[in-house]
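*Asks:*
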Amino acid sequence: MAAPHDRRILVTSALPYANGHIHLGHLVEYVQTDVFVRFQKLRGHRAIYLCADDTHGTAIMIRARGEGRSERALVAAMREAHLADFDGFQIAFDHYGSTDSDANRRLCDMIWSRLRARGLVVSRDVRQLYDPEAGVFLADRFVKGCCPKCGASDQYGDSCEACGAAYTPADLVEPRSTLSGARPEVRSAEHLFVTLEPLHDFLATWTRSSGAIDPRIANYLAGHFLGEPLRDWDVSRPAPYFGFEIPDAPGHFWYVWFDAPVGYIAATEEWCAARGETLATWWGRGAPNEPPAEIHHFIGKDITYFHTLFWPAMLEAAGLALPTRVRIHGFLTVNGQKMSKSRGTFLLARTYLEHLDPGMLRYFYAAKLSGGIDDVDLDLDEFAAKVNADLVGKVVNLASRTARWLEATGLSAAYPDDGGLFARAAADGAEIAAAYEDCDTARAMRTIMLAADRANAYVDAEQPWKLAKAGPASAARLQDVASVALNLFRQIAVYLAPVLPAFAAQAGALVGGPIRSWDESQRPLTGSPVAPFQPLMKRVEKPHLDALLAAARAEAEREAAARPPTPVPAPAPPPASHSGGPTMTTPPTTGPDSAEPLAAEPLAPECTIDDFTKVDLRVARIVTAEEVPEAKKLLKLTVSFGGDATRTVFAGIKGFHAPESLVGRLVVVVANLAPRQMKFGTSEGMVVAASGAGAPGVYLLSPDSGALPGMRLR
RNA sequence: GGGCCCGUAGCUCAGUGGUUAGAGCAGGGGACUCAUAAUCCCUUGGUCGUGUGUUCGAAUCACACCGGGCCUACCA
4 MAAPHDRRIL
14 VTSALPYANG
24 HIHLGHLVEY
34 VQTDVFVRFQ
44 KLRGHRAIYL
54 CADDTHGTAI
64 MIRARGEGRS
74 ERALVAAMRE
84 AHLADFDGFQ
94 IAFDHYGSTD
104 SDANRRLCDM
114 IWSRLRARGL
124 VVSRDVRQLY
134 DPEAGVFLAD
144 RFVKGCCPKC
154 GASDQYGDSC
164 EACGAAYTPA
174 DLVEPRSTLS
184 GARPEVRSAE
194 HLFVTLEPLH
204 DFLATWTRSS
214 GAIDPRIANY
224 LAGHFLGEPL
234 RDWDVSRPAP
244 YFGFEIPDAP
254 GHFWYVWFDA
264 PVGYIAATEE
274 WCAARGETLA
284 TWWGRGAPNE
294 PPAEIHHFIG
304 KDITYFHTLF
314 WPAMLEAAGL
324 ALPTRVRIHG
334 FLTVNGQKMS
344 KSRGTFLLAR
354 TYLEHLDPGM
364 LRYFYAAKLS
374 GGIDDVDLDL
384 DEFAAKVNAD
394 LVGKVVNLAS
404 RTARWLEATG
414 LSAAYPDDGG
424 LFARAAADGA
434 EIAAAYEDCD
444 TARAMRTIML
454 AADRANAYVD
464 AEQPWKLAKA
474 GPASAARLQD
484 VASVALNLFR
494 QIAVYLAPVL
504 PAFAAQAGAL
514 VGGPIRSWDE
524 SQRPLTGSPV
534 APFQPLMKRV
544 EKPHLDALLA
554 AARAEAEREA
564 AARPPTPVPA
574 PAPPPASHSG
584 GPTMTTPPTT
594 GPDSAEPLAA
604 EPLAPECTID
614 DFTKVDLRVA
624 RIVTAEEVPE
634 AKKLLKLTVS
644 FGGDATRTVF
654 AGIKGFHAPE
664 SLVGRLVVVV
674 ANLAPRQMKF
684 GTSEGMVVAA
694 SGAGAPGVYL
704 LSPDSGALPG
714 MRLR
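Residue numbers for the first sequence follow the numbering used here, so the first one is 4 and each next one is one higher.
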């Protein structure tokens with residue numbers, strides 16, 4: 004290890020695929036990585052945390068097609084969602100790129116030409132199933148048919164779930180494309196391969212002796228891949244493919260797994276460009292006066308061989324720095340089982356954020372992760388018990404039971420005799436730091452909680468509440484006791500800061516200011532003012548967990564309902580009895596409102612007041628309302644903003660509101676919406692209405708009586 | 001079928017050759033009342049999966065078996 008403050012540490016998490024939202028399983032890795040990076044920064048090292056969206060490949064292409072938009076539109080939308088989720092969980096990337104970037108294209112090109120120059124690229128024809136209707140080659144999972152061994156129907160192209168037989172898609176009986184239903188044909192196409200066998204010795208040595216990977220993994224690789232000649236790696240896909248076209252092989256695109264890890268470097272380059280640094284500082288192999296940077300990859304066990312064989316092979320061939328360490332973790336289970344949509348345990352990041360504090364999950368993961376590849380189980384009862392006992396009962400309690408006595412006086416001017424408690428916990432810092440360094444956060448958390456236990460015992464023994472009642476004679480002693488307790492509290496907050504950044508900030512606001520350095524755990528504070536105590540964390544209660552699971556289940560059901568590949572028929576118009584207006588369909592509510600509508604449609608990402616004011620909402624009066632006979636859902640309305648300002652608006656409320664009942668009533672209109680040419684005329688605005696899960700219908704909004712057309716909503 | 005990991009108190013785990021095996025949570029009893037029914041003290045609870053070895057000494061090492069998990073499969 005380099006001198007303590009001389010380390011340059013580049014850290015990555017695996018790139019999330021732009022085909023889906025972030026869930027709690029992903030977050031095991033991002034939390035683990037973020038904790039590691041925050042720890043390194045707190046220790047004063049130069050650490051950067053880089054990640055990116057993984058955007059290319061067939062799955063994205065197919066999904067974009069299905070949604071009737073471009074791949075880039077899909078990818079851009081998913082990026083926003085990913086970033087909002089990460090932000091919610093306090094995952095602090097130094098840069099978050101995309102594999103669909105200019106930097107990535109250039110770097111892929113660079114690495115590719117170096118592979119070419121070393122003669123590692125070979126070309127060969129591959130016979131693959133082709134969907135003549137969709138016009139694409141089919142990956143194994145896009146083909147279904149009957150198992151050639153046992154005849155089971157509806158099996159995927161690689162293996163049979165019924166009898167376990169393995170085969171190739173071409174072996175399937177009565178194969179069909181899951182994209183179009185067409186019968187695939189076998190076609191031959193040229194593919195480009197990276198031949199890895201020339202790097203066999205290098206990989207055998209590197210996996211075994213570089214220290215980058217756990218010996219157990221090295222053994223697995225040795226047995227599984229390195230015990231025989233390495234197979235060539237197929238890195239190209241014929242058009243059409245969403246990705247980068249290979250410059251010296253027109254019509255061929257780099258396979259998504261080729262350009263994905265290069266995204267680590269591309270993100271670094273973008274980060275460097277923004278700060279005037281050079282890429283070689285991080286991915287170069289070092290110089291006499293500049294040793295190479297440390298590179299730490301955090302990944303899940305499912306992508307082990309990409310990161311321990313292909314990736315180092317690419318880096319070696321390209322003359323770039325090799326990973327210092329590949330950290331492999333297991334999967335997440337919930338209540339002891341795989342996350343399951345039908346059980347309601349498929350928990351999306353944003354669903355969690357709507358119900359619970361992200362810090363609690365960060366702590367729970369930290370308390371569970373010990374650096375190994377075992378799966379992590381999120382048992383919700385255990386989660387609640389652990390978070391409540393440790394964070395609320397022990398740590399937060401320390402401040403909440405003593406801070407009030409120091410609001411007036413601040414901390415004692417000299418650190419009082421505490422029987423060696425602070426010094427002991429300060430000495431524990433070395434062990435805690437070693438555990439963090441090792442990604443054994445479970446050990447770190449255990450050690451920290453022991454300090455919290457000792458601190459609470461101290462408070463009990465000193466009985467500051469009695470000192471408080473004893474009056475001025477005991478004031479100095481009271482201040483001393485509380486000063487010790489708050490110092491021990493802040494010391495713990497420093498140790499927990501990598502895991503609980505928001506909590507650490509609040510602790511700093513209470514006493515001592517922002518926590519900037521690990522060293523702050525080594526010296527007690529004296530004389531500092533103490534702010535009024537604010538609640539730092541709420542206990543997890545059963546209803547919170549029940550609501551979370553209910554929301555997850557509702558989400559899964561909503562998604563399942565939206566999934567059928569055949570176009571969903573337009574909803575049939577409801578019975579005419581619904582058309583009398585909003586009052587008829589809304590029974591008075593007595594008990595608590597259902598959680599269903601919100602659960603089914605989680606809140607959108609946060610926006611600013613500026614975002615909101617871009618939308619000009621006005622009160623308007625409906626002047627005319629008429630049926631559009633050919634339209635299934637639309638009514639044609641003329642609305643007035645007062646005076647002679649009127650607009651023609653098509654509103655999707657047919658069947659829920661009789662036209663004649665609408666004339667004269669006040670509604671809310673998006674007044675500055677861009678005009679939209681529709682089949683039946685131009686719509687010059689949008690009438691605001693509510694709809695969602697839990698009840699059918701579309702509900703118009705009405706202002707309180709007295710509002711005038713043209714008034715703005717704000 | 002093969003490989004790897006795990007099996008310690010009701011639960012989650014620490015302890016990996018050396019005094020009567022530990023912690024947190026849960027259970028029981030008590031104290032306190034400052035604190036988010038939080039905290040503190042005492043306490044119940046384990047033939048350390050089973051068996052056989054190695055050793056002066058085994059939860060810890062070896063072998064076999066039983067049970068669980070992960071990975072991978074007519075190739076390690």
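For each residue, glycine too, the CB sits at the ideal point set by N, CA and C.
#1: Count the other CB atoms within 10 Å of the CB of Ser520; is the residue buried (16 or more) or exposed (fewer)?
#2: Can you tell me whether Lys341 is helix, strand or coil according to DSSP?
#3: Can you tell me whether Lys389 is buried or exposed, with buried defined as 16 or more other CB within 10 angstroms of its CB?
#4: With a threshold of 8 Å on Cβ separation, who are the neighbours of Phe96 within its own chain once the five nearest residues in sequence on each side are excluded?
#5: Under 8 Å by Cβ, that's how I've got Leu513 and Ala534 pegged, so tell me the actual separation to the nearest angstrom.
#6: State the DSSP-derived secondary structure class of Phe732, mapped to helix, strand or coil.
#7: Do Gly333 and Asp441 have their CB atoms nearer than 7 Å?
#8: Return helix, strand or coil for Leu45, following the three-state DSSP convention.
#9: Can you give me the C-alpha to C-alpha distance between Glu297 and Leu325, rounded to a whole angstrom?
#10: Where Gln158 and Thr181 are concerned, what is the direct C-alpha to C-alpha distance, given to the nearest angstrom?
#11: What ranges does the beta strand (DSSP E) occupy inside the segment 187 to 241, keeping only unbroken runs of at least 3 residues that lie completely in it?
#12: Check whether the Cβ atoms of Ala437 and Ala370 lie closer than 7 Å to each other.
#13: Measure the Cβ-Cβ separation of Met452 and Phe245 and say whether it is below 7 Å.
#14: Note down, one range per segment and in chain order, each alpha helix (DSSP H) of at least 4 residues found wholly within the segment 60 to 127.
#15: Give me the Cα-Cα distance between Tyr20 and Lys541, rounded to the nearest whole angstrom.
#16: Considering only the alpha carbon of each residue, which of Leu551, Gly511, Leu637 and Leu409 lies closest to Leu481?
#17: Mapping DSSP to helix, strand and coil, what is Met448?
#18: So for Gln482, helix, strand or coil by DSSP?
#19: Can you name the residues that DSSP bridges to Phe644?
#20: Are the CB atoms of His203 and Leu233 within a distance shorter than 7 Å?
#21: Could you pull the start and end residues of the alpha helix (DSSP H) that Gly362 belongs to?
#22: Quick check on Cys149: does DSSP put it in helix, strand or coil?
#23: For a test of the three-state rule: what should DSSP assign to Arg650, helix, strand or coil?
#24: In the DSSP assignment, find the alpha helix (DSSP H) that holds Pro504 and state where it starts and stops.
#25: Roughly how far, in whole angstroms, is the beta-carbon of Leu503 from the beta-carbon of Ala458, given that I think they are within contact range, below 8 Å?
#26: Since I believe Leu13 is in contact with Asp56 (beta carbons under 8 Å), could you give me their beta-carbon distance rounded to a whole number of angstroms?
#27: Could you pull the start and end residues of the beta strand (DSSP E) that Leu257 belongs to?
#28: Going by the CB atoms, is the gap between Pro135 and Trp729 shorter than 7 Å?
#29: Pairing CB atoms from the segment 67 to 86 with CB atoms from the segment 285 to 299, are three or more of them under 8 Å?
#30: Please determine if the segment 183 to 192 and the segment 123 to 134 are in contact, where contact requires at least 3 C-beta pairs separated by less than 8 Å.
*Replies:* Taking the coordinates as given:
#1: Within the first sequence, residue 520 is the residue found at index 517, counting from 1. Within 10 angstroms of the beta-carbon of Ser520 lie fewer than 16 other beta-carbons, which makes it exposed.
#2: Translated into positions along the first sequence, residue 341 becomes position 338. Note: Lys341 maps to strand in three-state DSSP.
#3: Position 386 of the first sequence holds residue 389. Buried, since its Cβ has 16 or more Cβ neighbours within 10 Å.
#4: If you number the first sequence from 1, residue 96 lands on position 93. Here the set comprises Tyr52, Leu53, Cys54 and Phe89.
#5: The residue you call residue 513 lines up with position 510 of the first sequence. The residue you call residue 534 lines up with position 531 of the first sequence. Between Ala534 and Leu513 the Cβ distance is about 5 Å, and since that is below 8 Å, they are a contact.
#6: In the structure displayed, the chain extends from 4 to 717; residue 732 sits before or after that span and is not available.
#7: The residue given as residue 333 occupies position 330 in the first sequence. The residue given as residue 441 occupies position 438 in the first sequence. Cβ distance not < 7 Å, so Gly333 and Asp441 don't count as in contact.
#8: Taking the first residue of the first sequence as 1, we reach residue 45 at position 42. It is helical.
#9: Position 294 of the first sequence, counting from 1, holds the residue named residue 297. Position 322 of the first sequence, counting from 1, holds the residue named residue 325. One C-alpha to the other measures close to 9 Å.
#10: Position 155 of the first sequence, counted from the start, is the residue given in the question as residue 158. Position 178 of the first sequence, counted from the start, is the residue given in the question as residue 181. Per the coordinates, the alpha-carbon of Gln158 lies some 11 Å from the alpha-carbon of Thr181.
#11: 188 to 197 and 239 to 241
#12: Locating residue 437 in the first sequence gives position 434, counting from the first residue. Locating residue 370 in the first sequence gives position 367, counting from the first residue. Not in contact: Ala437 and Ala370 (Cβ atoms no closer than 7 Å).
#13: Taking the first residue of the first sequence as 1, we reach residue 452 at position 449. Taking the first residue of the first sequence as 1, we reach residue 245 at position 242. Not closer than 7 Å, so no.
#14: 61 to 70, 74 to 91 and 105 to 120
#15: Position 17 of the first sequence, counted from the first residue, corresponds to residue 20. Position 538 of the first sequence, counted from the first residue, corresponds to residue 541. Answer to the nearest angstrom: the Cα atoms are 33 Å apart.
#16: Numbered from its first residue, the first sequence carries residue 481 at position 478. That would be Leu409, whose Cα lies nearest to the Cα of Leu481.
#17: On the first sequence, position 445 is the one that residue 448 refers to. Helix, per DSSP.
#18: What you label residue 482 is simply residue 479 of the first sequence in a count that begins at 1. If DSSP states are grouped into helix, strand and coil, Gln482 belongs with the helices.
#19: Within the first sequence, numbered from 1, the residue matching residue 644 stands at position 641. Its beta-bridge partners do not exist; DSSP assigns none.
#20: To locate residue 233, count along the first sequence from 1; it is residue 230. To locate residue 203, count along the first sequence from 1; it is residue 200. Result yes, Cβ atoms of Leu233 and His203 sit closer than 7 Å.
#21: To locate residue 362, count along the first sequence from 1; it is residue 359. Where Gly362 is concerned, the enclosing alpha helix (DSSP H) stretches over Pro361 to Lys371.
#22: The residue you call residue 149 lines up with position 146 of the first sequence. Correct three-state label for Cys149: strand.
#23: Taking the first residue of the first sequence as 1, we reach residue 650 at position 647. Strand, per DSSP.
#24: Start at 1 with the first residue of the first sequence, and residue 504 comes out as number 501. That run of the alpha helix (DSSP H) goes Pro504 to Leu513.
#25: Residue mapping note: residue 503 aligns to position 500 of the first sequence, counting from 1. Residue mapping note: residue 458 aligns to position 455 of the first sequence, counting from 1. Actually they are not in contact, since the Cβ atoms of Leu503 and Ala458 sit about 17 Å apart, beyond 8 Å.
#26: As a first step, residue 56 must be located in the first sequence, where it is residue number 53. As a first step, residue 13 must be located in the first sequence, where it is residue number 10. Contact flag wrong, Cβ pair sits at about 19 Å.
#27: For the purposes of this step, residue 257 is taken as the residue at position 254 of the first sequence. For the record, residue 257 in the displayed sequence is Trp; it is not Leu. Looking at the DSSP string, the run of the beta strand (DSSP E) that includes Trp257 is His255 to Trp257.
#28: An answer regarding residue 729 cannot be provided, because it is not within the stretch 4 to 717 covered by the chain.
#29: no
#30: yes
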